[in-house]
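Take 34 as the starting number for the sequence shown in my numbering and just add one per residue. Where is the CB? At the ideal position from N, CA and C, for every residue including glycine. Only a predicted model underlies this, so the values are computations on that prediction, with no experimental measurement involved. So the structure is just underneath, and the comments pick up after that.
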Amino acid sequence: MSPVTPDQPAANINVNERAAWLALLEELIRHDTTSNRSNLGLIEAIRDLLRAHDVEAWLVYDSGRQKANLFATLPAVRGGTNGGVVLSGHTDVVPVTGQHWSSDPFDPVVRGDRLYGRGSCDMKGFIAVTLGLLPDIQRRRLREPLHLAFSFDEEVGCLGAPLLLAELAERGIRPSGCIVGEPTGMRPVVAHKGNNAYRCCVRGLAAHSSRTPSGVNAIEYAARLICRIRDNADALRRNGPFDRAFDVPFSTAQTGMISGGIAINTIPELCEFFFEYRNLPSEDPEQFFEQIARYARDELEPEMRTVADVASISFEKVGTTLALDSAERAAVTRLVRSLCSDFETRKVAYGTEAGLFSQAGIPTVICGPGSIDDAHKADESVELSQLAECDRFLRRVLDTLTAD
Ligand SMILES: [Zn+2]
Numbered sequence: 034m035s036p037v038t039p040d041q042p043a044a045n046i047n048v049n050e051r052a053a054w055l056a057l058l059e060e061l062i063r064h065d066t067t068s069n070r071s072n073l074g075l076i077e078a079i080r081d082l083l084r085a086h087d088v089e090a091w092l093v094y095d096s097g098r099q100k101a102n103l104f105a106t107l108p109a110v111r112g113g114t115n116g117g118v119v120l121s122g123h124t125d126v127v128p129v130t131g132q133h134w135s136s137d138p139f140d141p142v143v144r145g146d147r148l149y150g151r152g153s154c155d156m157k158g159f160i161a162v163t164l165g166l167l168p169d170i171q172r173r174r175l176r177e178p179l180h181l182a183f184s185f186d187e188e189v190g191c192l193g194a195p196l197l198l199a200e201l202a203e204r205g206i207r208p209s210g211c212i213v214g215e216p217t218g219m220r221p222v223v224a225h226k227g228n229n230a231y232r233c234c235v236r237g238l239a240a241h242s243s244r245t246p247s248g249v250n251a252i253e254y255a256a257r258l259i260c261r262i263r264d265n266a267d268a269l270r271r272n273g274p275f276d277r278a279f280d281v282p283f284s285t286a287q288t289g290m291i292s293g294g295i296a297i298n299t300i301p302e303l304c305e306f307f308f309e310y311r312n313l314p315s316e317d318p319e320q321f322f323e324q325i326a327r328y329a330r331d332e333l334e335p336e337m338r339t340v341a342d343v344a345s346i347s348f349e350k351v352g353t354t355l356a357l358d359s360a361e362r363a364a365v366t367r368l369v370r371s372l373c374s375d376f377e378t379r380k381v382a383y384g385t386e387a388g389l390f391s392q393a394g395i396p397t398v399i400c401g402p403g404s405i406d407d408a409h410k411a412d413e414s415v416e417l418s419q420l421a422e423c424d425r426f427l428r429r430v431l432d433t434l435t436a437d
């Protein structure tokens, strides 16, 4: 990654500044950081860019050392590293498999007022704008530090950020607020739901399909569980609890994948399915699962075992995104709201790493460029005007951290 061109700290974006984040974003997108691949190429490029601006970053690797989080502190004028604001984003992107793109998803292209490419919106745009600030930051005398936190594996269940947060605690770094730059149209979002993903394995007993009393049909027992998940989800939709600030104002659940059986004339021995429960921040994330697990344990398994002792139903939690409910009075909430001149209480259904930061004791709000409607799909794109607005916003954040 080449160092960005020096720019002017102006209220309006000049050509150099626009070129800085635009070129950075194009470079970030060219690194294919789909979650099932290594992100090290991109992380090392960011580390080198920071180094070129005299900022030393540290990396936190996954167990296989194929992926890393990056954290960097731009210290305050007297070398202070505590307090200050974290700008946070994830470096991984969702797959393009099976999607029909008009152009190469990893070869970004500008058409009209939009830049197209995987990750342009979710969320390399925010990271590019953040990195584009480096020359400006170098010229400033910060009263409070600015921190950068770029994670891996957000899209597959927020696997990277907890390692980063543990390392922060270990090093005794205590930022006083965090802004997660997921796409919100540059409006402050103060809450999102939690997401809890589970795998369920139903083990029955195979038999010739003409002899149904001799077998235990794993697909049919899985189906009964899935219907129970749906019934319980319908009850939540009917009876609440409700939080009208969310676009979907109740907790939801659904089954998303299933596989089982080997032939139409064989009673299936195995069936596996995945389901999720997205809870309102006020709700206990485990309560829904307990109801499903109890039904399996108390009603279905005993029935299955009247035919075969080996029959079983097992569950595994395969992903957790903690809900976010930002403190209305937190300094970072008030800061972002006043800089955006937007005081509406906005809550969203999709999950982010913000809940993890918040749980780690760092008050967090979500505010970033682009629309979530443009994320994850073919021809993902972001409006250049959104990136420019993000740039202006972050410079105002910097102003509040800068000594007179
Ligand atoms: Zn994202």
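- Across the set 387, 435, 399, 402, the C-alpha of 387 shows the shortest separation from the C-alpha of residue 194.
- For residue 413, the shortest C-beta to heavy atom distance toward ligand 1 is 7 Å or greater.
- Excluding sequence positions up to five before and after residue 174, its CB lies within less than 7 Å of the CB of 110, 435, 436, all in the same chain and listed in chain order.
- By the Cβ-count criterion, residue 260 is exposed, with fewer than 16 other Cβ atoms from all chains shown falling within 10 Å of its own Cβ.
- A straight-line Cα-Cα distance of about 9 Å links residue 78 and residue 60.
- Taking 7 Å as the cut-off, one finds no heavy atom of ligand 1 near enough to the beta carbon of residue 219.
- The set of residues with a C-beta under 7 Å from any non-hydrogen atom of ligand 1 comprises 123, 155, 156, 187, 188, 215, 385, 408, given in chain order.
- For residue 94, the enclosing beta strand (DSSP E) covers residues 90–94.
- Residue pairing from DSSP leaves residue 375 without any beta-bridge partner.
- Short of 6 Å from the beta carbon of residue 127, and not among the five residues preceding or following it, lie these beta carbons of its own chain, in chain order: 188, 409.
- Annotation: residue 395 to residue 73 spans about 27 Å, alpha carbon to alpha carbon.
- A direct Cα-to-Cα measurement between residue 232 and residue 331 gives close to 19 Å.
- For secondary structure counted as the beta strand (DSSP E) over 3 or more consecutive residues, the segment 326–398 holds these complete runs in sequence order: 345–354.
- Nearest neighbour of residue 293 by Cα position, chosen from 433, 88, 163, 255, turns out to be 255.
- Comparing C-alpha distances from residue 299 to each of 116, 242, 308 shows the shortest one belongs to 242.
- Excluding residues up to 5 positions away in sequence, 224, 278, 279 lie with their Cβ nearer than 6 Å to the Cβ of residue 380 in the same chain.
- Leaving aside the five residues that flank residue 147 on each side, the residues in its chain whose CB is nearer than 6 Å to its CB run, in chain order, 414, 416.
- Secondary structure at residue 209: coil, using DSSP grouped into helix, strand and coil.
- Contact between residue 344 and residue 257 is ruled out by a C-beta separation of about 13 Å, above the 8 Å threshold.
- In this structure the segment 115–130 lies against the segment 145–165, because at least three pairs of beta carbons, one per stretch, are closer than 8 Å.
- When rounded, the separation of the alpha-carbon atoms in residue 80 and residue 181 is 11 Å.
- By the C-beta density criterion, residue 228 is buried, having at least 16 other C-beta atoms within 10 angstroms.
- In the DSSP annotation of this structure, residue 229 is not part of any alpha helix (DSSP H); the continuous beta strand (DSSP E) holding it starts and ends at 227–236.
- Counting C-beta pairs with one atom in each stretch, the segment 134–145 and the segment 204–224 have fewer than three that are closer than 8 Å, which means they do not touch.
- Under DSSP, residue 299 forms a beta bridge with 241.
- Three or more beta-carbon pairs drawn from the segment 282–293 and the segment 302–318 are found closer than 8 Å, and the two stretches are therefore classed as touching.
- Cβ-Cβ separation between residue 169 and residue 431: approximately 7 Å, consistent with a contact (criterion under 8 Å).
- Runs of the beta strand (DSSP E) lying entirely within the segment 110–164 and spanning at least 3 residues, in chain order: 118–123, 142–144, 147–149.
- With fewer than 16 other CB atoms across the displayed protein chains lying within 10 angstroms of its CB, residue 350 is exposed.
- Apart from the 5 residues on each side of it in sequence, residue 251 sits with its Cβ closer than 7 Å to the Cβ of 235, 236, 237, 293, 301, 302, 303, 304 in its chain, given in chain order.
- Just measuring C-alpha positions, the residue of 422, 427, 424, 412 sitting nearest residue 62 is 412.
- Secondary structure of residue 247 (DSSP, three-state): helix.
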